[in-house]
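Visitor: Counting in my numbering, the sequence shown runs from 1 upward without gaps. Ideal Cβ placement from N, Cα and C applies to all residues, glycine included. This structure is a prediction, so every number in the text was calculated from the model and none was measured.
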Amino acid sequence: MKYISSRNRSCRMDSHEAIIRGLSEDGGLFTPESFPDEIQPEDILNKDYRGIAEVILKAMLDDYSSEEIRHCVDSAYDEKFDTPEIVPLTPVHDGWLMELWHGPTSAFKDLALTILPHLLTTAYAKDDRSDVVSILTATSGDTGKAALSGFADVPNTAITVFYPEIGVSAVQKRQMNTSKGNNVEVIAVKGNFDDCQRMVKEACASEEVLAACRGVTISSANSINAGRLIPQIVYYFHSYAQLVQQGTIAWGDPVNFSVPTGNFGDILAGWLAKQIGLPVNRLICASNTNNVLTDFLATGTYSLDRKFHTTMSPSMDILISSNLERLLFLLSGQDDRQIAAWMKQLKEEGSYTVGPEIHEKLKADFAGAWTSEEECAAVIHDLWHDEHVLIDPHTAVALSAMRRYREKTGDMTPCIVLSTASPYKFCHDVLECISGKNIPDDFEAMEVLHEVTGMPIPVNLRNLKELPVRFTRSIAIEDGMHVIADRMRSLGHVQD
Ligand SMILES: *Cc1c(COP(=O)(O)O)cnc(C)c1O
1 MKYISSRNRS CRMDSHEAII RGLSEDGGLF TPESFPDEIQ PEDILNKDYR GIAEVILKAM
61 LDDYSSEEIR HCVDSAYDEK FDTPEIVPLT PVHDGWLMEL WHGPTSAFKD LALTILPHLL
121 TTAYAKDDRS DVVSILTATS GDTGKAALSG FADVPNTAIT VFYPEIGVSA VQKRQMNTSK
181 GNNVEVIAVK GNFDDCQRMV KEACASEEVL AACRGVTISS ANSINAGRLI PQIVYYFHSY
241 AQLVQQGTIA WGDPVNFSVP TGNFGDILAG WLAKQIGLPV NRLICASNTN NVLTDFLATG
301 TYSLDRKFHT TMSPSMDILI SSNLERLLFL LSGQDDRQIA AWMKQLKEEG SYTVGPEIHE
361 KLKADFAGAW TSEEECAAVI HDLWHDEHVL IDPHTAVALS AMRRYREKTG DMTPCIVLST
421 ASPYKFCHDV LECISGKNIP DDFEAMEVLH EVTGMPIPVN LRNLKELPVR FTRSIAIEDG
481 MHVIADRMRS LGHVQD
């Protein structure tokens, strides 16, 4: 099985090479060229999370040996997660919540970022490379901490995270600045998220930086890396198998999934699961007031001509959903030229329109729905008061989308809602939703939320206030290339 660039099919390679490269040079995303044989029930049923992960990853990353896959899986999905189930299912009266936030940073990105470092270092070992893999990551909050935690003290890797000085929450900032590990560095940037992202992209092509990279290769932990996408297929199979084992459904019965969507990585993994045999009826693409995807699914036109909103569910505050490109590539019969043309149009004119054939295919597998801030707050409030289940705003958006979809279509297929963050990551908003109390200090709000609900605070968040702050550096945007070059020189030196 090969991976090919969505903008140039002749750029074709094994999965481990695609994971090392991250993004293709033509700007395209590495996408599976073909799919393995369908996964059978006996491959999946009566296995734990690790067992299922081995089956799915071996099928999708077939140039890794079984031993290599097992090593990666066992290194990732262990006691770092606060429950042996790794991803538990919690019933609510009209569906199930797939809890993806039991990992080391309490966000769903842990499921991919705990295994990516191992897939990456294994890939390097396969190619007999001994250079230091230097991960540069720009973050608006969640990805930074999950990547820092995943790469901490992983041999032959180093990670540097850039975050906007203003724009991340107090909890997120403290999570990053207290990171452990001898190979990590966290730097605040006097700018916004786009400035951080631009800095990282520029570094990959900067003469000054590249000259400083002796024995060091720059790579990315961004959600466009195939090594982040593929591990996300696992939890779709795992949750389905749980419902079969409970006797709620029989293997082969269709289910729907409602997915709070930003960069389209999570929901695309659900679609990939369907391609390799998971009986998925529809994937509900849930958005907040930044509803570019709802409109796209309804009309076939992707348009950036809209206002950007800051919401309670910041990981979905996004206008350009990168992973959508992979879906369009596969739905168009791998039409790389068409994809390159659409992406160019999006960049230059701010929109593109897919033809009726692709639009029909999109509508067969996906439905879009969006949720206002008021509705999101009401969903959090009601679920707590009616069922004593506490959810974060991203999860609330997805639960609301499921209900909207059902009202509109009458499709009552059993539905699993992806719950992507612990409510304790958004204490101020969640507390206000359930009690009306407005406590601006997130750490104080955390204590009060605990008193009001009795729900345990995840260990990584509970201890946060007491952990020593290790990183306080803040830089101006224009110093970025010098700072990165210095960091690369120091990493090369360590290797000498
Ligand atoms: C990143 C993130 C999402 C969006 O996932 P995508 O794969 O980018 O669509 C949703 N919820 C939370 C809490 C996240 O951190």
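Beta carbon of GLY368: closer than 6 Å to some heavy atom of ligand 1?
Guide: Stepping through the sequence shown from its first residue, residue 368 is reached at position 368. GLY368 Cβ: outside cutoff for every heavy atom of ligand 1.
Visitor: Under a Cβ-count criterion, where at least 16 other Cβ atoms within 10 Å of its own Cβ denotes burial, should ILE4 be classed as buried or exposed?
Guide: Within the sequence shown, the letter at position 4 stands for residue 4. So ILE4 ends up on the buried side.
Visitor: With the cut-off set at 7 Å, would you say ALA125 and THR137 are in Cβ contact?
Guide: Your numbering for residue 125 matches position 125 in the sequence shown. Your numbering for residue 137 matches position 137 in the sequence shown. No, the pair does not count as a contact, with Cβ atoms beyond the cut-off.
Visitor: What are the boundary residues of the alpha helix (DSSP H) that includes GLY150?
Guide: To locate residue 150, count along the sequence shown from 1; it is residue 150. Note, GLY150: alpha helix (DSSP H), 142-151.
Visitor: Roughly how many angstroms lie between the CA atoms of SER435 and ALA188, to the nearest whole one?
Guide: Numbered from its first residue, the sequence shown carries residue 435 at position 435. Numbered from its first residue, the sequence shown carries residue 188 at position 188. So the alpha carbons of these two residues sit roughly 34 Å apart.
Visitor: Using 10 angstroms around the beta-carbon of HIS385, count the other beta-carbons present and answer buried if the total reaches 16, otherwise exposed.
Guide: Reading the sequence shown from its first residue, position 385 is the one you call residue 385. It is exposed - the Cβ of HIS385 has fewer than 16 other Cβ atoms within 10 Å.
Visitor: Exposed or buried, what is ASN323 when buried is set at 16 or more other beta-carbons lying within 10 Å of its beta-carbon?
Guide: Taking the first residue of the sequence shown as 1, we reach residue 323 at position 323. Per the 10 Å Cβ criterion, buried.
Visitor: State yes or no: is the C-beta of GLY270 within less than 7 Å of the C-beta of MET316?
Guide: Against the sequence shown, residue 270 aligns to sequence position 270. Against the sequence shown, residue 316 aligns to sequence position 316. No; because the gap between Cβ atoms is not below 7 Å, this pair is not in contact.
Visitor: So ASN177 and VAL469 are supposed to be a Cβ contact under 8 Å. How far apart are they, rounded?
Guide: Stepping through the sequence shown from its first residue, residue 177 is reached at position 177. Stepping through the sequence shown from its first residue, residue 469 is reached at position 469. Correct: roughly 5 Å between the Cβ atoms.
Visitor: Once the 5 residues before and after PRO41 are set aside, which same chain residues still bring their CB inside 6 Å of it?
Guide: By one-based count along the sequence shown, residue 41 stands at place 41. The residues are TRP251.
Visitor: PHE308 and TYR302: beta carbons closer than 7 Å?
Guide: Residue 308 sits at position 308 when you count from the first residue of the sequence shown. Residue 302 sits at position 302 when you count from the first residue of the sequence shown. In this structure, TYR302 does not lie closer than 7 Å to PHE308 by Cβ.
Visitor: Does DSSP put LYS307 in a helix, in a strand, or in coil?
Guide: Start at 1 with the first residue of the sequence shown, and residue 307 comes out as number 307. Coil.
Visitor: If I'm right that PHE497 touches ILE44 with Cβ under 8 Å, what's the distance once you round it to whole angstroms?
Guide: No answer is possible for residue 497: the residues shown for the chain start at 1 and end at 496.
Visitor: Would you say the beta carbon of ASP266 comes nearer than 6 Å to a heavy atom of ligand 1?
Guide: On the sequence shown, residue 266 is found 266 positions in, with the first residue counted as 1. Yes - ligand 1 has a heavy atom lying nearer than 6 Å to the Cβ of ASP266.
Visitor: Should SER400 and GLU375 be called a contact, given that it needs their Cβ atoms to be closer than 7 Å?
Guide: As a first step, residue 400 is located in the sequence shown; it is residue number 400 there, counting from the start. As a first step, residue 375 is located in the sequence shown; it is residue number 375 there, counting from the start. Yes. Within cutoff.
Visitor: If you pair each beta-carbon of the segment 202-222 with each one of the segment 14-24, do three or more pairs fall below 8 Å?
Guide: Enough Cβ pairs lie closer than 8 Å, so yes.
Visitor: CA-CA distance, GLN232 and ASP127?
Guide: Your numbering for residue 232 matches position 232 in the sequence shown. Your numbering for residue 127 matches position 127 in the sequence shown. Roughly 25 Å between the two C-alpha positions.
Visitor: Spell out a yes or no on whether the segment 149-157 and the segment 113-121 are touching, meaning 3 or more CB-CB pairs, one atom from each, closer than 8 Å.
Guide: Judged by Cβ distances under 8 Å, the segment 149-157 makes contact with the segment 113-121, as three or more pairs qualify.
Visitor: Should ASP486 be labelled buried (16 or more other beta-carbon atoms within 10 Å of its own) or exposed?
Guide: Sequence index remark: in the sequence shown, residue 486 carries index 486 (1-based). Classification of ASP486: exposed, given that the 10 Å Cβ count is below 16.
Visitor: Going by alpha carbons, who is nearest to ASP63 out of ASP336, ARG174, HIS71, LYS2?
Guide: The residue given as residue 63 occupies position 63 in the sequence shown. Of the candidates ASP336, ARG174, HIS71, LYS2, the one whose C-alpha sits nearest the C-alpha of ASP63 is LYS2.
Visitor: How is ILE135 classed by DSSP in three states: helix, strand or coil?
Guide: Mapped onto the sequence shown, residue 135 falls at position 135. Note: ILE135 maps to strand in three-state DSSP.
Visitor: May I have the straight-line CA-CA distance separating GLN495 from ILE475, to the nearest angstrom?
Guide: Taking the sequence shown and counting its residues from 1, one reaches residue 495 at position 495. Taking the sequence shown and counting its residues from 1, one reaches residue 475 at position 475. Its pLDDT being 49, under 50, GLN495 is placed unreliably in this model, and the value from its coordinates should be taken loosely. If I take the Cα positions, the gap works out to 26 Å.
Visitor: If the criterion is Cβ atoms closer than 7 Å, does the pair SER239 and MET98 meet it?
Guide: The residue labelled residue 239 in the question sits at position 239 within the sequence shown. The residue labelled residue 98 in the question sits at position 98 within the sequence shown. In this structure, MET98 lies closer than 7 Å to SER239 by Cβ.
Visitor: Check whether the Cβ atoms of ASN8 and ASP26 lie closer than 7 Å to each other.
Guide: In the sequence shown, residue 8 corresponds to position 8, counting from 1. In the sequence shown, residue 26 corresponds to position 26, counting from 1. Cβ distance < 7 Å, so ASN8 and ASP26 count as in contact.
Visitor: Are the CB atoms of GLY95 and PHE81 within a distance shorter than 7 Å?
Guide: Along the sequence shown, read from residue 1 onward, the residue named residue 81 stands at position 81. Along the sequence shown, read from residue 1 onward, the residue named residue 95 stands at position 95. No.
Visitor: Verify the contact flag: SER130, CB atom, against every heavy atom of ligand 1, threshold strictly below 6 Å.
Guide: Here the question's residue 130 lines up with position 130 in the sequence shown. No - ligand 1 has no heavy atom lying nearer than 6 Å to the Cβ of SER130.
Visitor: Exposed or buried, which one is MET488 when buried takes at least 16 other CB atoms within 10 Å?
Guide: Residue numbering aside, residue 488 sits at position 488 when the sequence shown is read from its first letter. So MET488 ends up on the buried side.
Visitor: CB-CB under 6 Å to LEU57, same chain, minus the five flanking residues each way: which ones, in chain order?
Guide: What you label residue 57 is simply residue 57 of the sequence shown in a count that begins at 1. Cβ within range, chain order: ILE69.
Visitor: Taking DSSP's pairing of strands, which residues face PHE30 in a bridge?
Guide: Taking the sequence shown and counting its residues from 1, one reaches residue 30 at position 30. Note: PHE30 sits in a beta bridge opposite SER5.
Visitor: Alpha carbon to alpha carbon, how far is MET481 from SER66? Give it in angstroms, no decimals.
Guide: In the sequence shown, residue 66 corresponds to position 66, counting from 1. In the sequence shown, residue 481 corresponds to position 481, counting from 1. Taking the straight line from one Cα to the other gives about 41 Å.
Visitor: In whole angstroms, give me the CA-to-CA distance for HIS381 and PHE426.
Guide: Indexing the sequence shown from 1 puts residue 381 at position 381. Indexing the sequence shown from 1 puts residue 426 at position 426. Approximately 14 Å, taken between the alpha carbons.
Visitor: Given a cut-off of 7 Å on the beta-carbon distance, is the pair THR52 and ILE276 in contact?
Guide: The count along the sequence shown starts at 1 and reaches residue 52 at position 52. The count along the sequence shown starts at 1 and reaches residue 276 at position 276. As written in the sequence, residue 52 is Ile, which differs from the Thr given in the question. No, the Cβ-Cβ distance between ILE52 and ILE276 is not below 7 Å.
Visitor: Entirely within the segment 349-419 and at least 3 residues each: give me those beta strand (DSSP E) ranges in chain order.
Guide: Whole beta strand (DSSP E) segments, 3+ residues: 351-353, 366-370, 415-419.
Visitor: May I ask which residues mark the beginning and end of the alpha helix (DSSP H) holding TYR236?
Guide: As a position in the sequence shown, residue 236 is number 236, starting the count at 1. Its alpha helix (DSSP H) spans residues 233-245.
Visitor: What's the call for ASN438, buried or exposed, on a 16-neighbour Cβ count within 10 Å?
Guide: What you label residue 438 is simply residue 438 of the sequence shown in a count that begins at 1. Counting Cβ neighbours within 10 Å, ASN438 comes out exposed, since fewer than 16 surround it.
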